[in-house]
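Chains as they are written, first to last, in the numbering used here: chain A, 243 to 357; chain B, 14 to 125.
Each remark here refers to the structure printed beneath this line.
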């Protein structure tokens, strides 16, 4: 009965590889997000989708490509991984199109380590 | 940077004591939210206070908001060891896509 789930929980890979992280929410929300939390615990939004439409893209390198096949899923594909991509990536969801107006529900995170 | 600042960065108290964390932000907001993050876990929403509210309570939590000073505080009363976590404030912006902007976090350690 997990509300927001992410897979995998841990991801260790070499520089230059391509990897994907998947996210699913069963809350019936129409807005989903990807956040990046760095080693200093700074949490910053990367992308937001509302009803499968991209509404926030926070100057993230185009090596990162989100894809939302439906309202309940938001996946993150990363090409040509770099050392600086190492971080914890969180998926979140909320009800309503205005992302800052309502509480957000977070997944458990995916810890990405690029060697 | 729009990122808010939290103060203190770290707080260590004994069980039963109260813990107060402060958050300052820079821009006009629609609301301010507090989240808790246990080590190695995702964030959990605690409380939301709207820009036209000054104080809000939820169980042992009390949040205040002063929009003239662009600041908020979170008070946890009668703390427990299970309250040990990082606490983040997040502001819902009034411009653009009204995204959430998170503060730098306060690490709270409650010792038995």
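We put the CB at the ideal spot given by N, CA and C, even for glycine.
Where does the unbroken beta strand (DSSP E) through residue 289 (chain A) begin, and where does it stop?
Here the question's residue 289 (chain A) lines up with position 47 in the first chain. Its beta strand (DSSP E) spans residues 285-292.
Out of B:79, B:121, B:50, B:23, which has the shortest C-alpha to C-alpha gap to residue 38 (chain B)?
Looking up residue 38 (chain B) in the second chain gives position 25. Answer by Cα proximity: B:79.
Within 7 Å of chain B by C-beta, residues of the segment 314-334 of chain A in sequence order
332
Buried or exposed: residue 70 (chain B), going by 16 or more other Cβ atoms within 10 Å of its Cβ?
Here residue 70 (chain B) refers to the residue found at position 57 when the second chain is read from its first residue. When all chains shown are included, residue 70 (chain B) counts as exposed.
Quick check on this structure: which residue in A:276, A:351, A:272 has the alpha carbon closest to the alpha carbon of residue 306 (chain A)?
Translated into the one-based positions of the first chain, residue 306 (chain A) becomes position 64. Of A:276, A:351, A:272, the residue nearest in Cα terms is A:276.
List, in chain order, every chain A residue whose beta-carbon is nearer than 7 Å to that of residue 118 (chain B).
As a position in the second chain, residue 118 (chain B) is number 105, starting the count at 1. Those within 7 Å of residue 118 (chain B) in chain A are 283.
With 7 Å set as the bound, which would you pick, yes or no: does the beta-carbon of residue 105 (chain B) sit closer than that to a beta-carbon of chain A?
Walking along the second chain from the start, residue 105 (chain B) turns up at place 92. Yes, residue 105 (chain B) lies at the interface with chain A (some Cβ there is under 7 Å from its Cβ).
From which residue to which residue does the beta strand (DSSP E) around residue 25 (chain B) run?
For the purposes of this step, residue 25 (chain B) is identified with residue 12 of the second chain, where counting begins at 1. Residues 23-27.
Chain-ordered residues of the segment 31-56 of chain B with a beta carbon less than 7 Å from chain A
Residues passing the 7 Å Cβ filter: 43, 44, 46, 54, 55, 56.
Counting only beta-carbon separations shorter than 7 Å, does residue 70 (chain B) have a partner in chain A?
As a first step, residue 70 (chain B) must be located in the second chain, where it is residue number 57. Not an interface residue.
Name the residue from B:82, B:95, B:94 whose alpha carbon lies nearest to the alpha carbon of residue 40 (chain B).
Walking along the second chain from the start, residue 40 (chain B) turns up at place 27. Out of B:82, B:95, B:94, B:82 has the C-alpha closest to the C-alpha of residue 40 (chain B).
Own chain, CB closer than 8 Å to residue 253 (chain A), minus 5 neighbours either side, in chain order:
For the purposes of this step, residue 253 (chain A) is taken as the residue at position 11 of the first chain. Result list for residue 253 (chain A): 261, 263, 352, 353, 354, 355, in chain order.
Relative to the C-alpha of residue 27 (chain B), which residue among B:105, B:45, B:90, B:119 is closest?
Position 14 of the second chain holds residue 27 (chain B). When only C-alpha atoms are compared, the closest one is B:90.
Can you name the residues of chain B whose CB is closer than 9 Å to the CB of residue 346 (chain A)?
Walking along the first chain from the start, residue 346 (chain A) turns up at place 104. Those are 46, 48, 56, 58, 103, 113, listed as they occur along chain B.
Under a CB-based cut-off of 7 Å, is residue 287 (chain A) close to chain B?
The sequence position of residue 287 (chain A) within the first chain is 45, counting from 1. Answer yes: the Cβ-Cβ gap between residue 287 (chain A) and chain B drops below 7 Å somewhere.
Can you tell me where the beta strand (DSSP E) with residue 68 (chain B) in it begins and where it stops?
Translated into positions along the second chain, residue 68 (chain B) becomes position 55. Element bounds for residue 68 (chain B): 68-71.
In chain A, which residues lie less than 8 Å from residue 61 (chain B) when you measure between Cβ atoms?
Here residue 61 (chain B) corresponds to residue number 48 of the second chain, with the count starting at 1. Per Cβ cutoff of 8 Å: 344, 345.
Span of the beta strand (DSSP E) around residue 308 (chain A)
Translated into the one-based positions of the first chain, residue 308 (chain A) becomes position 66. Segment 306-312, the beta strand (DSSP E) holding residue 308 (chain A).
List the residues that DSSP assigns as beta-bridge partners of residue 254 (chain A).
Reading the first chain from its first residue, position 12 is the one you call residue 254 (chain A). Paired residue(s): A:355.
Taking the straight line between their C-alpha atoms, what separation do you get for residue 287 (chain A) and residue 101 (chain B)?
Here residue 287 (chain A) corresponds to residue number 45 of the first chain, with the count starting at 1. Here residue 101 (chain B) corresponds to residue number 88 of the second chain, with the count starting at 1. Approximately 14 Å, taken between the alpha carbons.
Could you tell me which chain A residues have their CB closer than 8 Å to the CB of residue 99 (chain B), listed as they occur along the chain?
Locating residue 99 (chain B) in the second chain gives position 86, where the first residue counts as 1. Correct list: 283.
Residue 349 (chain A): contacting residues in chain B (beta-carbon distance under 7 Å)
Within the first chain, numbered from 1, the residue matching residue 349 (chain A) stands at position 107. Here the neighbours are 55.
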